[in-house]
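Participant: Protein sequence lines, in the order shown, are assigned to chains A, B, C, D, E, F and G. According to full-length UniProt numbering, the stretch in the first sequence is residues 1 to 244, in order. According to full-length UniProt numbering, the stretch in the second sequence is residues 1 to 244, in order. According to full-length UniProt numbering, the stretch in the third sequence is residues 1 to 244, in order. According to full-length UniProt numbering, the stretch in the fourth sequence is residues 1 to 244, in order. According to full-length UniProt numbering, the stretch in the fifth sequence is residues 1 to 244, in order. According to full-length UniProt numbering, the stretch in the sixth sequence is residues 1 to 244, in order. According to full-length UniProt numbering, the stretch in the seventh sequence is residues 1 to 244, in order. Have a look at this one.
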Amino acid sequence: MFSSKSEYDRGVNTFSPEGRIFQIEYAIEAIKLGSTSLGIQTPEGVVLAAEKRVPSTLVVPSSMNKIMEVDGHIAAVMSGIVADARILVEHARVESQNHRFTYNEPMCVESCTLATCDLSIQFGESGGKRKLMSRPFGVSLLIAGVDEKGPQLWQTDPSGTYTRYDAQAIGGGAEAAQNVFTERYHRNMTLEEGETLAVDILKQVMEDQLSPENIEVAVVRVDDGKLHMYNPTEIKAIIARLAE
Amino acid sequence: MFSSKSEYDRGVNTFSPEGRIFQIEYAIEAIKLGSTSLGIQTPEGVVLAAEKRVPSTLVVPSSMNKIMEVDGHIAAVMSGIVADARILVEHARVESQNHRFTYNEPMCVESCTLATCDLSIQFGESGGKRKLMSRPFGVSLLIAGVDEKGPQLWQTDPSGTYTRYDAQAIGGGAEAAQNVFTERYHRNMTLEEGETLAVDILKQVMEDQLSPENIEVAVVRVDDGKLHMYNPTEIKAIIARLAE
Amino acid sequence: MFSSKSEYDRGVNTFSPEGRIFQIEYAIEAIKLGSTSLGIQTPEGVVLAAEKRVPSTLVVPSSMNKIMEVDGHIAAVMSGIVADARILVEHARVESQNHRFTYNEPMCVESCTLATCDLSIQFGESGGKRKLMSRPFGVSLLIAGVDEKGPQLWQTDPSGTYTRYDAQAIGGGAEAAQNVFTERYHRNMTLEEGETLAVDILKQVMEDQLSPENIEVAVVRVDDGKLHMYNPTEIKAIIARLAE
Amino acid sequence: MFSSKSEYDRGVNTFSPEGRIFQIEYAIEAIKLGSTSLGIQTPEGVVLAAEKRVPSTLVVPSSMNKIMEVDGHIAAVMSGIVADARILVEHARVESQNHRFTYNEPMCVESCTLATCDLSIQFGESGGKRKLMSRPFGVSLLIAGVDEKGPQLWQTDPSGTYTRYDAQAIGGGAEAAQNVFTERYHRNMTLEEGETLAVDILKQVMEDQLSPENIEVAVVRVDDGKLHMYNPTEIKAIIARLAE
Amino acid sequence: MFSSKSEYDRGVNTFSPEGRIFQIEYAIEAIKLGSTSLGIQTPEGVVLAAEKRVPSTLVVPSSMNKIMEVDGHIAAVMSGIVADARILVEHARVESQNHRFTYNEPMCVESCTLATCDLSIQFGESGGKRKLMSRPFGVSLLIAGVDEKGPQLWQTDPSGTYTRYDAQAIGGGAEAAQNVFTERYHRNMTLEEGETLAVDILKQVMEDQLSPENIEVAVVRVDDGKLHMYNPTEIKAIIARLAE
Amino acid sequence: MFSSKSEYDRGVNTFSPEGRIFQIEYAIEAIKLGSTSLGIQTPEGVVLAAEKRVPSTLVVPSSMNKIMEVDGHIAAVMSGIVADARILVEHARVESQNHRFTYNEPMCVESCTLATCDLSIQFGESGGKRKLMSRPFGVSLLIAGVDEKGPQLWQTDPSGTYTRYDAQAIGGGAEAAQNVFTERYHRNMTLEEGETLAVDILKQVMEDQLSPENIEVAVVRVDDGKLHMYNPTEIKAIIARLAE
Amino acid sequence: MFSSKSEYDRGVNTFSPEGRIFQIEYAIEAIKLGSTSLGIQTPEGVVLAAEKRVPSTLVVPSSMNKIMEVDGHIAAVMSGIVADARILVEHARVESQNHRFTYNEPMCVESCTLATCDLSIQFGESGGKRKLMSRPFGVSLLIAGVDEKGPQLWQTDPSGTYTRYDAQAIGGGAEAAQNVFTERYHRNMTLEEGETLAVDILKQVMEDQLSPENIEVAVVRVDDGKLHMYNPTEIKAIIARLAE
């Protein structure tokens, strides 16, 4: 279906006659090839959850973490190219630490998201002194955090656009997950209901049986304003709630 | 229709035999793919209004703002690629702050527009020390403001050209909107009439029902010389006036 | 007609087997796509006049000025790409101010034209520290001025060549206008006759009815050595003379 | 099978319409062309073993070492392009020494792996001041080490991704080896059982008869926290155990 | 005739299989498209003469000068691309002034020619800090001067080669002119005979009637060692001599 | 046979879909086009010998030396592109001198080989401040030396890989020579037997009659640890031994 | 004959599948298009001689010198592209002067040749700070000189290789000349015999009649160690000897 446009997408960052930038669209395809991640905002905090496609029983699952801490009050979950996500999250961490150092306060979640997107948009062939990616980042992030404006969930995409969601899913199962959100999400969920919904959706989009080895869950809670990465026991408890 | 010209548009910034620069024309197509934005100048101030294409009820609409403050007396509304608009508006903000710092006075609206266009024109492959876009910006801005020359509305385009309008629309519904302007706009409208006309046009070009979630309205008023972003209540009031 | 040469014109600045540089020829086509501008030298001063293609009645015509002041005694009128003209004229302004600052005297008209052309010729792929256009400037300028050598009219083209004319026209209607010059121009015209001839020619090459909104006129007078941009009333007066 | 994608893989670091980066996929093919290497983690330490494809009896086998010391407590075994591996391991050595110098403690194994991957991800055409590879590294490493978190085995790949394994094999015989792991590996193996398994797998995937000249074995032991490269006598002893 | 070589001439500065550099050959074609210029050396001095193709009676002929002063004792006449000639002559002027400043003596004619050719040869894609043309200069110069070695006439070409001639013609009518030289030139001509011959040849190669507006003549005389640009009256006198 | 891969080998340093880097494979072909060189390690020292393809009896054979001194205890013999070998050997010489200067001891042979390979691997399009080859070096070296680890013979190839051999041949006759080694080489040869074998092999692979003009022989002896380039008389003596 | 290789020779400095670098081979073709030059070494000194293709009787032959002084004791004669030779010889001159300045002694002939070749080898696309040719030099030099090792004749070629000859010819008539050398050259020729042979060969390969205008001769003599450029009278004398 793309064959007749091939003349326009070789320039990494150029428009097609229809006004499209194909490399960004292809990067979005890279995200769809990834495993599913999702986030849910509740008044008590934000839940992040992710599928882990563990290629073999010999892999140590904890080495494939999809949820990454950005700062004490901000976390990100990714779908797409793992190494690209690492660059973006590392950039967000540095920006966040710089903010703390300069202003002696935690960075607000939107600013942290914006800083990530400012790196995403800088790709192509015009590089100055700073090293630039020669292609867009093939990754989407859901960034969850709590700041003085309350709990928030933001999504970034390869074009450098960012949008705030009440609940959002990315990766291979995104569409299926979003349909479930439309049916079952409501703004006054408790954090526990959010956790249950998140894991239930993963159950529906994943081929494998749920286990603490192949999913990750984390929350940023409003009460203490901090990120909590759930350990296997906590994840098992949520899975158990689903079976009830 | 463009197929036979493909040989000329691969060089990002080169002429075709007919003297056209295709990448700029394709960037203009990118704008037409965007949602509709418009601006109306009245003796009492300038109205900006924009359609928001909210992809899902789970999106937090306020995170997708199309109208952006440049300075206390200048605002811009965009159609096209969101991330490109952010770069241009950020540039305009910096120029505007520099002006205040250097001359201790607000920047005039035309100078601010010119500064934005000076960035737009600098794309291509010859980059020096400064980082350049390798393609034109795929965005058009309507810049509204009030300065000592009174209320003004300017449009920028990807070629770096800027033009002043009494009323102008950009994006997917631009043509339809311009037809309505020709019929109903007159130079002595009150600001309230301008607001009503702006929202009425959005109503005609949008598929969805108008709501404070899917449109934005802002004015820069002559009396206080300041930008006012309308809140949902104020937008509801304008929608209500339409129904009368 | 150009199809068989396409292999040679992709390198932005290379010769074809016939010794032609196609990008410069294509840039000249860009000028022919533009509106008509013209200049007439008389012993009393130089007249510049230009058609303005106002796309809509909602445009504020004064924002589309085709005649631009370079210095108090020099003006330029353009045909072709508006943003390209802005870069060249801005360059001419800076050179002219530098000359005043360094030598404490106005720059002579030919030097000012030469400075503009020196920028034009520097395009292509070899850029050093300074930012270069990756294509030729798609614009022709008529530069009018008065200096100690008297009133002068110069034309620049995309190849960086400049030539002095008694009377010259550029843009879409150039050929038609030049025919009229051959018939009706003579070197001892009064400035008023020059104005009348200039506007009469615009009348012949323009599709729309003449009005102070869609043409511009300016003169650089010998008696005071200064540029005078004509206001709507003055333009109306010239149009009125034509009807006599 | 790749012929129809050739249009997309010429840009070294660009996406195909399906969201794939072909140069990275091709680099992974380069690894499959290489000889087999493997690693096994046991509670007593980590075993590394590698096949050596000695092209002639005139080669001095010790000059073709596939297992390389990174630091006293970390070793790496490679499959793929030998010279690429040398660059990565040299980089890891420098990072490891810098860590010791700065913090006066051994680098932890994961950090050392990460540092290697940070170099892998930086390829393509945007280079700044630092020299970059113009293609991905055509090599996979198994990095074995012991630190305060115990014995560990990590794998790196050309995309810059790294994953921790209990046991993993890379290179031409990787798939066959992984099948054996699934059957015979268990987490409580003794180090001696690990050595035997490692060499037994090499025996199965190699065409030539096992000898101290065409395989290498090394372990990083938990008890002394140090890398031990096995000499021919020690390797012969393991081969002898297999025959039992 | 060139079609089958097109594969080799796209690299601006590369050899064809026959050992030819096509861009230089094409640049020589550009010179043949130009008007005719010629030079004649006599014991009393060197004559330069050039055809001017004045496109319209409205052009001010003196603005299209083909003969340019390099220094008080050196002049150059050009055929080919006007703007390219300007760069070369400007370079020669600077070198000549530098020589005077450094050594307090006029530059010798050969050194001045060499300096011009050193710039010509530096084109292509390898540019360092200095700005380079991305194509050869499409111009040939005849450089005339008088120094302690007597009167001299040198020719430069786009490859950076320079050759001394007794009499030489370049541009569209070069071949015809050279035939006349072979018949009528002799080394002991007086300067007046040289002038007459030069103008007579122009008469034969030009389509238009000779006039002081469409030809230029200059001499560098041995007696005072200085360049004399002929004014219209002096040119008319030579034309008159022809009619005798 | 290579025709269908042409799409992948134009990028100088990129992978083909099969994981191959064609430019390196083609560079290896360049070596096979060269004359034959070989090296033999014995307990008493290392022998290097090389065929010289003298194009004419008018050539001074000593100007075409294939064996080059790197340091007093290290020599290299080459097959492939002569000028490429010169760059690598010059690099090895500088590294070796630096080592002596810094550590006040001779460089060991392996380090010297490694330093050569580190230069080989750095080719392609990403160059930083240092000048890089835009293609791989089309040369293979046999590096012979004696250090505290005894006599050694190393081979480098265009990919930057280096391997130690007991005996090895490179260039056009490599395969034939290697067959002879397999038959006749043994590790306890005397140096004299090594010399005889080396020259005997050259006799078999060369078309011309052996003479001191068309072969070179050198040894690095263990007893004095020094390189000895054999003069014509010494070479004649070896040839004479063959005839016995 | 080259058509099927065109895919490989566009990269200026890349290997073909057969291990050839076509741009260097094409540069050698450029040399064959040039006029013939030759050199002869005798015990009394080295003779250089060259054909001059004077395009017209109006050319001043002395301006087309093919033999160029490098230093007082070294000269070079060229075949191929004149302007390329000028760059190489200028480089050799600077190196030679630097040597004298640094070591207070004349540079030896081989070092001077090597310095020239070091410049030749540096072409292509990887340029650092220094300006590089984007193609090989299309020229071959014969470098003649006398130093403490006696009289010497070296040849350079576009690949940067240099070889010493007793007698050698380059350019269009090289092959014919080499055949004569094989027949008539012997190492104990007197310098006069060398001169006669050199000129006799030029007579055989040139179409035109020999004259002091169309050949050049120079010798570097052993007795005074200096270069002597022969004047027309001396050349006539040699021509006269031939007729005897």
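Glycine included, every Cβ here is placed at the ideal spot set by N, Cα and C. Quick caveat, the model's predicted, so the values are computed rather than measured.
1. When you compare the CB of Ile87 (chain A) with every CB in chain B, is at least one pair closer than 8 Å?
2. Please work out which residues of its chain come closer than 6 Å, Cβ to Cβ, to Lys203 (chain D), disregarding the five sequence neighbours upstream and downstream, and give them in chain order.
3. What does Ile121 (chain F) touch in chain D if you count any residue whose Cβ is under 9 Å from its own?
4. Find the residues of chain C that neighbour Ser140 (chain B), judging by a C-beta separation of less than 7 Å, and give them in chain order.
5. Within a Cβ cutoff of 6 Å, which residues of the same chain sit near Glu95 (chain E), ignoring the five residues on either side of it in sequence?
6. Within 8 Å of any Cβ in chain F, is that where the Cβ of Gln178 (chain G) sits?
7. Any idea what DSSP makes of Pro61 (chain C), helix, strand or coil?
8. With a 10 Å radius around its C-beta and 16 neighbouring C-beta atoms as the bar for buried, classify Asp223 (chain D) as buried or exposed.
9. Who are the near neighbours of residue 258 (chain E) in its chain, counting only those whose CB is closer than 6 Å to its CB and skipping five residues on each side?
10. Could you tell me whether any Cβ in chain F is nearer than 8 Å to the Cβ of Gln209 (chain G)?
11. Where does Arg221 (chain A) fall in DSSP's three states?
12. How do the stretch 66-78 of chain B and the stretch 134-148 of chain B stand: do at least 3 beta-carbon pairs fall below 8 Å, yes or no?
13. Report the neighbours of Ser56 (chain C) on chain B: residues whose CB is nearer than 7 Å to its CB, in chain order.
14. Are there 16 or more other CB atoms within 10 angstroms of the CB of Asn231 (chain C), so buried, or fewer, so exposed?
15. Quick one: what's got a C-beta closer than 8 Å to Glu234 (chain B)'s C-beta in the same chain, skipping five residues either side?
16. At least one CB of chain G closer than 8 Å to the CB of Gln155 (chain F): is that the case?
17. How would you call Ala92 (chain A), buried or exposed, if buried means at least 16 neighbouring beta carbons within 10 angstroms?
18. What does Asp147 (chain E) touch in chain G if you count any residue whose Cβ is under 9 Å from its own?
19. Are Ala66 (chain A) and Lys52 (chain A) closer than 8 Å when you measure CB to CB?
20. Could you check which residue in F:Asp200, F:Asn188, F:Gly172 has the C-alpha nearest to that of Val180 (chain F)?
21. Taking a Cβ distance cut-off of 8 Å, strictly less, list which residues of the stretch 13-32 of chain F are near chain D, in chain order.
22. Give a yes or no on whether 8 Å exceeds the smallest Cβ distance from Arg135 (chain F) to chain G.
23. Alpha carbon to alpha carbon, what distance is there between Gln122 (chain C) and Gly128 (chain C)?
24. Taking any Cβ of chain D, which residues in the stretch 157-172 of chain F have a Cβ under 8 Å from it, in chain order?
25. Would the stretch 11-28 of chain G and the stretch 152-159 of chain G be scored as touching if the rule is three or more Cβ pairs under 8 Å?
26. Tell me, please, whether the stretch 14-21 of chain F touches the stretch 163-181 of chain F by the rule of three or more beta-carbon pairs shorter than 8 Å.
27. If you run the structure through DSSP and keep just helix, strand and coil, what is Pro232 (chain C)?
28. What does DSSP give as the partner residues of Tyr26 (chain E) in its beta bridges?
29. Quick check on Leu242 (chain B): does DSSP put it in helix, strand or coil?
30. If you measure between the beta carbons of Ala174 (chain B) and Leu48 (chain B), is that distance less than 8 Å?
31. Please list the terminal residues of the continuous beta strand (DSSP E) segment that includes Ala146 (chain D).
32. Counting only beta-carbon separations shorter than 8 Å, does Thr182 (chain D) have a partner in chain A?
33. Taking a Cβ distance cut-off of 7 Å, strictly less, list which residues of the stretch 60-75 of chain A are near chain D, in chain order.
34. Out of G:Val146, G:Arg187, G:Met189, which has the shortest C-alpha to C-alpha gap to Val220 (chain G)?
35. Could you list which residues in chain A have their beta carbon closer than 9 Å to that of Cys117 (chain D), in chain order?
36. Roughly how many whole angstroms lie between the Cα atoms of Pro106 (chain A) and Leu227 (chain A)?
Facilitator: In terms of the structure at hand:
1. With respect to chain B, the C-beta atom of Ile87 (chain A) has no partner C-beta closer than 8 Å.
2. Shown here for Lys203 (chain D): same chain residues with a beta carbon closer than 6 Å to its own, the five before and five after excluded, namely Leu210 in chain order.
3. Simply Ala83, Asp84, Arg86, Ile87.
4. For a Cβ distance threshold of 7 Å, nothing in chain C lies close to Ser140 (chain B): the least Cβ distance comes to about 14 Å.
5. Close CB contacts of Glu95 (chain E) within its chain, under the 6 Å cut and outside five residues either way in sequence, are with Ala115 (chain order).
6. Closer than 8 Å to some Cβ of chain F, the Cβ of Gln178 (chain G) qualifies, so yes.
7. Helix, per DSSP.
8. Exposed, by the Cβ-count rule.
9. Residue 258 (chain E) lies beyond the stretch modelled for chain E, which goes from 1 to 244, so this question has no answer here.
10. Put simply, the CB of Gln209 (chain G) is far from chain F, with every gap to its CB atoms at 8 Å or more.
11. DSSP places Arg221 (chain A) in strand when its eight states are reduced to three.
12. Taking a cut-off of 8 Å on C-beta distances, the stretch 66-78 of chain B touches the stretch 134-148 of chain B, as three or more cross pairs fall below it.
13. The contacting residues are Gln178.
14. When all chains shown are included, Asn231 (chain C) counts as exposed.
15. Within its own chain, the residues whose Cβ lies closer than 8 Å to the Cβ of Glu234 (chain B), once the five positions on either side in sequence are excluded, are Val217, listed in chain order.
16. Chain G contact via Cβ: absent.
17. By the 10 Å Cβ count, Ala92 (chain A) comes out buried.
18. Residues of chain G passing the Cβ test: none, with the nearest at roughly 14 Å.
19. Correcting the residue identity first, residue 66 (chain A) is Lys in this sequence and not Ala. For Lys66 (chain A) and Lys52 (chain A), yes; Cβs fall inside 8 Å.
20. Taking only the C-alpha atoms, the option nearest Val180 (chain F) is F:Asp200.
21. Those residues of the stretch 13-32 of chain F that come within reach of chain D (Cβ to Cβ, closer than 8 Å) are Asn13, Thr14, Phe15, Ser16, Pro17, Glu18, Gly19, Arg20, Ile21.
22. For Arg135 (chain F), a Cβ of chain G is located within less than 8 Å of the residue's own Cβ.
23. Unreliable positioning characterises Gly128 (chain C) in this predicted model, as indicated by a pLDDT of 42, which lies under 50. The coordinate reading is nonetheless provided below. Cα-Cα distance, rounded: 11 Å.
24. Residues passing the 8 Å Cβ filter: Ser159, Gly160, Thr161, Tyr162, Thr163, Arg164, Tyr165, Asp166, Ala167, Gln168.
25. Between the stretch 11-28 of chain G and the stretch 152-159 of chain G, the count of C-beta pairs closer than 8 Å reaches three or more; the two stretches touch.
26. These segments do not touch.
27. The three-state reading of DSSP puts Pro232 (chain C) in helix, counting H, G and I together.
28. Paired residue(s): none; Tyr26 (chain E) is not in a bridge.
29. When DSSP states are grouped into helix, strand and coil, Leu242 (chain B) belongs to the helix group.
30. Not closer than 8 Å, so no.
31. With the sequence shown as reference, residue 146 (chain D) is identified as Val, and Ala is not the correct amino acid for it. It spans 139-147 - the beta strand (DSSP E) in which Val146 (chain D) sits, taken as one unbroken run.
32. Yes, Thr182 (chain D) lies at the interface with chain A (some Cβ there is under 8 Å from its Cβ).
33. So the list reads Val60, Ser63, Met64, given in the order they occur along the chain.
34. If we check each option's Cα against that of Val220 (chain G), G:Val146 comes out closest.
35. Residues of chain A with a Cβ closer than 9 Å to the Cβ of Cys117 (chain D) are, in chain order, Ala83, Arg86.
36. About 13 Å.
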